[in-house]
Amino acid sequence: ADALNVLLIIVDDLRPSLGCYGDKLVRSPNIDQLASHSLLFQNAFAQQAVCAPSRVSFLTGRRPDTTRLYDFSSYWRVHAGNFSTIPQYFKENGYVTLSVGKVFHPGVSSNHSDDSPYSWSLPAYHPSSEKYENTKTCRGPDGELHANLLCPVDVADVPEGTLPDKQSTEQAIRLLEKMKTSASPFFLAVGYHKPHIPFRYPKEFQKLYPLENITLAPDPQVPAGLPPVAYSPWMDIRQREDVQALNLSVPYGPVPADFQRKIRQSYFASVSYVDTQVGQLLSALDELQLASSTVVVLTSDHGWALGEHGEWAKYSNFDVTTRVPLMFYVPGRTAPLPEAGEKLFPYIDPFDSASEPMEPGQQAMDLVELLSLFPTLAGLAGLRVPPRCPIPSFHVQLCREGQNLLKHFQFRAVEGDPPVHA
Amino acid sequence: NPRELVAYSQYPRPADSPQWNSDKPSLKDIKIMGYSIRTIDYRYTVWVGFSPQEFLANFSDIHAGELYFVDSDPLQDHNVYNDSQGGALPWSLMP
Numbered sequence: 005a006d007a008l009n010v011l012l013i014i015v016d017d018l019r020p021s022l023g024c025y026g027d028k029l030v031r032s033p034n035i036d037q038l039a040s041h042s043l044l045f046q047n048a049f050a051q052q053a054v055c056a057p058s059r060v061s062f063l064t065g066r067r068p069d070t071t072r073l074y075d076f077s078s079y080w081r082v083h084a085g086n087f088s089t090i091p092q093y094f095k096e097n098g099y100v101t102l103s104v105g106k107v108f109h110p111g112v113s114s115n116h117s118d119d120s121p122y123s124w125s126l127p128a129y130h131p132s133s134e135k136y137e138n139t140k141t142c143r144g145p146d147g148e149l150h151a152n153l154l155c156p157v158d159v160a161d162v163p164e165g166t167l168p169d170k171q172s173t174e175q176a177i178r179l180l181e182k183m184k185t186s187a188s189p190f191f192l193a194v195g196y197h198k199p200h201i202p203f204r205y206p207k208e209f210q211k212l213y214p215l216e217n218i219t220l221a222p223d224p225q226v227p228a229g230l231p232p233v234a235y236s237p238w239m240d241i242r243q244r245e246d247v248q249a250l251n252l253s254v255p256y257g258p259v260p261a262d263f264q265r266k267i268r269q270s271y272f273a274s275v276s277y278v279d280t281q282v283g284q285l286l287s288a289l290d291e292l293q294l295a296s297s298t299v300v301v302l303t304s305d306h307g308w309a310l311g312e313h314g315e316w317a318k319y320s321n322f323d324v325t326t327r328v329p330l331m332f333y334v335p336g337r338t339a340p341l342p343e344a345g346e347k348l349f350p351y352i353d354p355f356d357s358a359s360e361p362m363e364p365g366q367q368a369m370d371l372v373e374l375l376s377l378f379p380t381l382a383g384l385a386g387l388r389v390p391p392r393c394p395i396p397s398f399h400v401q402l403c404r405e406g407q408n409l410l411k412h413f414q415f416r417a418v419e420g421d422p423p424v425h426a
Numbered sequence: 038n039p040r041e042l043v044a045y046s047q048y049p050r051p052a053d054s055p056q057w058n059s060d061k062p063s064l065k066d067i068k069i070m071g072y073s074i075r076t077i078d079y080r081y082t083v084w085v086g087f088s089p090q091e092f093l094a095n096f097s098d099i100h101a102g103e104l105y106f107v108d109s110d111p112l113q114d115h116n117v118y119n120d121s122q123g124g125a126l127p128w129s130l131m132p
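Keeping their order, the protein sequence lines are chains A and B.
So the first sequence is numbered by the numbering used here: it starts at 5 and just counts up by one.
So the second sequence is numbered by the numbering used here: it starts at 38 and just counts up by one.
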C-alpha cells in the first residue's frame, strides 16, 4: 500500500487546556474534532519544560541528559552526538520533509538552520511577520504602542497586516497543494507560535472569554512546603511593559488578582486563535482528499503555569508545565477511512455557539513521554522502528530512548477493515 | 501493569534559591538538576548537585525533594517529601 503521509502539528507552550482534555471553559472545537478521530493520550509529559531542550529531545528521541542541551546554546550534533531526527529518518526513507514555523527552536540549538539539510528536503519556512512579535505593536489603554504581555491586536493594524501563525497556515496549505501531486509521501511539520508569550492574537478572540467568567488558578499561592529551588520566578513575563508597570516583587510576586485573570483570559484567547489555524489546516487536508492517507499528530513542547503555585511560565517540573496534549489520527486505525466526499475535519468556528460538543475519540490513560514520538511515528508509518539505545548512546546515530506506543493502537477492528495487528 | 509506566522529566537550576537566571540558566551556571519520576500514583522529584563540566548528577548530594500523591493531592500543593524521609508518612497517603 502507498506510504502514509505525516502531518506533525506542534503548538508552542500549549498545556492541555482544551475541550478534549476536559477543559469546560476553553473553546477548541477544531482540535477537539481532531481528537474525536484520534487516539488521545491523557497523561503525556515533556522531558524538560523549556522550548529548545524539549524540542531537541523529542525530535531526536533522546533524553536531555543525552542531547546535553539544558539551555539554548549548543547544537547536539557538535556537542553530544550526531543523533538522527524524526524528519531526517523519514527523509532517509523516501519522504519529502518540510518545516513550517517553529519546529526546531531557532538559533544555536538547531545550528541556525532548523537542522537543514539533515532534517529537511527544503529550507525551513519562517513567517516574515515573526520579527514584529516582541516589538511595540500592542495598543495600550493610553492609545500608545507597547511591547506588552497582553497583546490583543487589530490584525489590520499590525505590520504586514498579518500574524505569524496565519502565515504559517497559508504556507502549510500551499505545501499540501504541491505535495498532493507528488509521487513521494510527505512529512510536513507545522509549528505554531501561540500561545507562547507575548499573547498577541486577533482581539476578537477576547470576546470568547469575558473577564467575569475567568477565575484564578485553583491553587494560586506558592505552596508552603515547596523547596525554593523548585520554584520558577517567571522572569520572562516581568520584562514585558505591562507587567513591569505592576512593580511586582521578586521572586514571589504576587501578580494582582485582576491581572492574573487577564493573563488567563489572554492565554485562553490565544488557544482559541491557534485552534482556528489548526482548523483551517485540517479542512484543507480534507479538501485535498489527503485525510485518508495522512497520519496527523498534534502535540506541544511543554505546558505553562497559569498562576498555579504562584507561577506564570514553564521552567519547572510541575505537572502543569510538563504535561502536554498528544493525539494521533491514523486513517483506518483510529477512525474509519472517510467515504468518498466525506469530510472528517470540516472547519468549525469557535464563535459558533451552536457547535455540538465532540464525541471523544480513543483514549489512553497510561503515562507516556514525548520521547515516544519518534518510535511511534516510525511504526505508524510502516518504517522500521529504531532500536532501543544502549547506555550511553552518544556514539549511536540512530536509536531511541522512548517507548514505542504502537501497542496502544490495537483497537477492536474498525468495521470493514482487516483485523488490526500490533 | 500501569504502575510500571513511568515518565521522567528534569529541570536545571543555578542556585538553591530563586534568582534572575533560575528559569533559564546557561549550561556553565547549572549547579543543581531536578529529576522527576512520574507514575500513575505519585510524582517524586529530587534536586541534586550537577556538574556542567562532566554532565554528571550527584545523587548523594540532595538539595531538596518533592513528593506528591496524585489521588490525594492532584494539584501538587502538599509536598510530603520530608515526611516520607522520616518514615512518618501517614498510611492514607501511601500509593
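Beta carbons are placed, not taken as given, at the ideal position from N, Cα and C, and that holds for glycine.
How about residue i: is its C-beta nearer than 9 Å to some C-beta of chain B?
i	result
residue 239(A)	yes
residue 49(A)	yes
residue 430(A)	Lying before the first or after the last residue shown, residue 430(A) is absent from chain A, which here runs from 5 to 426.
residue 65(A)	no
residue 326(A)	yes
residue 418(A)	Confidence at residue 418(A) is low in this model, with a pLDDT of 48, below 50, so its placement is unreliable and no value can be given for it.
residue 365(A)	no
residue 311(A)	no
residue 161(A)	no
residue 119(A)	no
residue 282(A)	no
residue 256(A)	yes
residue 400(A)	no
residue 440(A)	This structure gives no information on residue 440(A), because the portion of chain A shown stretches from 5 to 426.
residue 369(A)	yes
residue 279(A)	no
residue 323(A)	yes
Since residue i and residue j should fall inside the 8 Å C-beta cutoff, what is the C-beta to C-beta distance between them, to a whole number of angstroms?
i	j	result
residue 311(A)	residue 220(A)	6 Å
residue 308(A)	residue 17(A)	5 Å
residue 14(A)	residue 195(A)	5 Å
residue 48(A)	residue 177(A)	That pair is no contact at about 27 Å.
residue 76(A)	residue 112(A)	6 Å
residue 9(A)	residue 297(A)	6 Å
residue 123(A)	residue 95(A)	7 Å
residue 84(A)	residue 415(A)	With 8 Å as the limit, residue 84(A) and residue 415(A) do not qualify as a contact, their Cβ atoms being about 38 Å apart.
Report the neighbours of residue i on chain B: residues whose CB is nearer than 7 Å to its CB, in chain order.
i	result
residue 72(A)	92
residue 77(A)	63, 64
Does DSSP put residue i in a helix, in a strand, or in coil?
i	result
residue 27(A)	coil
residue 165(A)	helix
residue 260(A)	coil
residue 97(A)	coil
residue 80(A)	helix
residue 121(B)	helix
residue 15(A)	strand
residue 2(A)	The structure shown does not extend to residue 2(A), since chain A is modelled only from 5 through 426, so no value can be given for it.
residue 367(A)	strand
residue 381(A)	helix
residue 305(A)	coil
residue 47(B)	strand
residue 97(B)	strand
residue 343(A)	coil
Going by CA-CA distance only, name the one from the options that's closest to residue i.
i	options	result
residue 133(B)	222(A), 375(A), 181(A)	No statement about residue 133(B) is possible, as the shown extent of chain B runs from 38 to 132 and does not include it.
residue 93(B)	313(A), 284(A), 68(A)	68(A)
residue 88(B)	80(B), 81(B), 79(B), 98(B)	98(B)
residue 237(A)	96(A), 246(A), 259(A), 249(A)	259(A)
residue 140(A)	61(A), 152(A), 130(A), 131(A)	152(A)
residue 159(A)	30(A), 133(A), 218(A), 243(A)	133(A)
residue 64(A)	385(A), 381(A), 412(A)	381(A)
residue 36(A)	373(A), 83(A), 348(A), 245(A)	348(A)
residue 389(A)	377(A), 395(A), 399(A)	377(A)
Quick one: list the residues of chain B neighbouring residue i, beta-carbon separation under 8 Å, in chain order.
i	result
residue 234(A)	71, 82, 84, 101, 103
residue 317(A)	60
residue 227(A)	113, 114, 115, 116
Could you tell me which chain B residues have their CB closer than 9 Å to the CB of residue i, listed as they occur along the chain?
i	result
residue 320(A)	48, 60, 71
residue 27(A)	Correct list: empty, because the minimum Cβ distance to chain B is about 15 Å.
residue 223(A)	112, 113, 114
Chain A beta carbons: is any one of them nearer than 9 Å to that of residue i?
i	result
residue 114(B)	yes
residue 79(B)	no
What in chain A is Cβ-close to residue i, meaning under 9 Å?
i	result
residue 45(B)	49, 51, 67, 373, 375
residue 121(B)	Under the 9 Å cutoff, chain A gives no residues; its nearest Cβ is about 12 Å from residue 121(B).
residue 53(B)	231, 232, 233
For residue i, which residues in chain A fall below 7 Å Cβ to Cβ?
i	result
residue 67(B)	74
Just to check, is the beta-carbon of residue i closer than 8 Å to a non-hydrogen atom of the ligand PLP?
i	result
residue 194(A)	You won't find the ligand PLP in this model; it holds no ligand whatsoever.
Measuring only between beta-carbons, confirm whether residue i sits less than 9 Å from chain E.
i	result
residue 54(A)	Any reference to chain E falls outside this structure, whose protein chains are A and B.
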